[in-house]
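Heads up: the sequence shown begins at 3 in this note's numbering, then just goes up one per residue. Glycine included, every Cβ here is placed at the ideal spot set by N, Cα and C. This report concerns only the one structure given below.
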Amino acid sequence: QVQLVESGGGLVQAGGSLRLSCAASGRTFSSYDMGWFRQAPGKEREFVASMTWSGSITYSVDSVKGRCTISRDNAKKTVYLQMNSLKPEDTAVYYCAASLSRSKWDYWGQGTQVTVSS
3 QVQLVESGGG LVQAGGSLRL SCAASGRTFS SYDMGWFRQA PGKEREFVAS MTWSGSITYS
63 VDSVKGRCTI SRDNAKKTVY LQMNSLKPED TAVYYCAASL SRSKWDYWGQ GTQVTVSS
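Right, here's the structure in full:
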């Protein structure tokens with residue numbers, strides 16, 4: 003069982019930055035693919051970014067590319083999402099997820115709220 007705990011959300015003005023963190027349990031974090039998703043009120047959860055165990059990175063083309071950076075620290079068992087130039091439409095609950103199966107996201111965190119004011 004893998005537990006994921008997100009932190010770093012909050013209220014920020016448009017144009018500001020936040021760094022989200024997701025701390026994972028488990029002894030083999032370095033073998034997990036990790037991802038960030040978000041869900042805005044009334045909308046479906048959408049993919050933001052992911053990083054495989056080997057370091058391959060994928061960003062959402064539509065929503066955040068160019069404004070977000072995903073990274074991981076295997077020694078700290080933590081994945082990060084640095085978000086810059088935040089916009090009100092970035093307001094959402096941000097979730098991290100872990101994949102061990104490589105075919106689906108097996109574990110999810112509880113989410114952290116990001117609110118961007120105009």
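- Counting of Cβ neighbours within 10 angstroms places D92 among the buried residues, the total reaching 16 or more.
- According to DSSP, residue pairing for V81 in a beta bridge involves C24, R74.
- For T117, the closest of L6, Q5, L22 by C-alpha to C-alpha distance is L22.
- Non-local beta-carbon contacts of Y61 in its own chain, meaning distances under 7 angstroms to residues more than five positions away in sequence, involve A51, K67, C70 in chain order.
- The straight-line gap separating the alpha-carbon atoms of G10 and T114 is approximately 7 angstroms.
- The C-alpha of L13 lies about 21 angstroms from the C-alpha of V81.
- By the CB criterion at 8 angstroms, V7 and A100 fall outside the cutoff.
- When the alpha-carbon of N76 is set against those of Y97, M53, S119, D108, the nearest one is in M53.
- Per DSSP, the unbroken beta strand (DSSP E) holding R40 starts and ends at 35 to 41.
- Around W110, the same chain offers L6, Y97, A99 as residues with beta carbons nearer than 7 angstroms, after the five sequence neighbours per side are excluded.
- The three-state reading of DSSP puts E8 in strand, counting E and B together.
- The continuous beta strand (DSSP E) containing F49 extends over residues 48 to 53.
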